[in-house]
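In my numbering, the protein residues as written are -2 to 427. Yeah, the Cβ is synthetic: ideal placement off N, Cα and C, and Gly gets one too. The structure under discussion appears below in the form of structure tokens.
Right under this line is the structure:
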């Protein structure tokens, strides 16, 4: 974020990038360039000072349609979602609404109705999703910050694949009113940005609290757990980047130790049941009337939820609590956990499978494997760039105890100091 450019200059730069790049990347579904220019003139003197932002198209912005990336479903809100109102009050300028998987139901950034969002580092590759547009907009310089949502990893995965910072906050830290729900007990709203300081500032604004000083890269004395089992199952370039970043944190004064996690495959299965039941309930009225307007892939994820009875749902919630307790035990004597955000580099859009250490894996499970298990916790998680491998970003995921955002931001800042922020406008497509 620039400390010298005026609001008008910052907005003009984002608009110029959007006009040049959005036809290729498809990060924005709706742009209000005239409104952004007019708002920039009155944005000075406030914490965000005219920061151009992208809002995921499941979040209400007064005067802009909310379509949730769907075919036919739309609402025209008269009022901003609370998070958007807070951004505007702090001086942010909404450039437009960002692309998303249909109804935020996906992890890859594909959308058959609105068109796929493409990765700024290589437009033939996935941006990740479902907060695809916000991540791509920031990476390509079409926004300095963005608002996304995360139910199974939908802030963290696109942040990792597009090389930006993404935060899933502690549950209920950021309000979700005015946001199209996916799964009520799993949904979280959070910021994306090109660097840690900007992400931290946006988080404070979204949470409705006074901005704190920029986080300092202080990790001396911290005990960090490295999830080596996940590194062993990751693509080699990803594992190498995470290992190198862990070594840099050791050199900065942290103690980094191997740690053992609870059964993550079982956790994914629990998450799948809870999410399926809640998605089916959230979509019941529209789905009953307009089933054929859903993309086949999304329809196939919603329909099984109607077969999940109360007993199965409650049993899954019980096992979710047990996983939460087991995770807390694994964090004993640790300050935070280090692991890959995505275990694979950004797959090509045309690919349905990727090869990881000689094993063929479907793209969606490969992207979800290291984020979905932790999405059912109340804990915060941050994805921060851990450098480039084969010309593509790698994301390091930091997970802490509930309410530990400040600590995680300190660690993320140390990572950024060691690796360097890939930053706003850094994608090769920009």
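With respect to the 7 Å criterion, residue 127 and residue 101 are classified as neighbours on the basis of their beta carbons. Following the DSSP letters along the chain, one finds residue 310 inside the alpha helix (DSSP H) bounded by residues 307 to 327. Around residue 415, the same chain offers 245 as residues with beta carbons nearer than 6 Å, after the five sequence neighbours per side are excluded. In the structure shown, the three-state DSSP call for residue 58 is coil. Closest in alpha carbon position to residue 74, among 154, 83, 55, is 55. With contacts defined as CB atoms closer than 7 Å, residue 69 and residue 318 fail to qualify as a contacting pair. Going by DSSP, residue 359 is part of the beta strand (DSSP E) stretching over 356 to 359. In this structure, residue 192 lies near residue 418, with their beta-carbon atoms less than 7 Å apart.
Shortest Cα-Cα distance from residue 368 to any of 138, 352, 152 involves 152.
Note that the C-beta distance between residue 227 and residue 336 is below 7 Å. In this structure, DSSP gives residue 416 a helical state, which the three-state scheme calls helix. Under the three-state reduction of DSSP, residue 120 is assigned to strand.
Exclusion of the five residues before and after residue 374 leaves 321, 324 as the residues of its chain whose Cβ lies within less than 7 Å of its Cβ. Cβ atoms of residue 64 and residue 26 come within 8 Å of each other, at about 7 Å.
Counting along the chain, residue 81 sits inside no beta strand (DSSP E); it lies in the alpha helix (DSSP H) bounded by residues 79 to 86.
The Cβ-Cβ distance between residue 392 and residue 167 does not fall below 7 Å.
Using a Cβ distance threshold of 7 Å, residue 365 and residue 197 do not count as a contacting pair.
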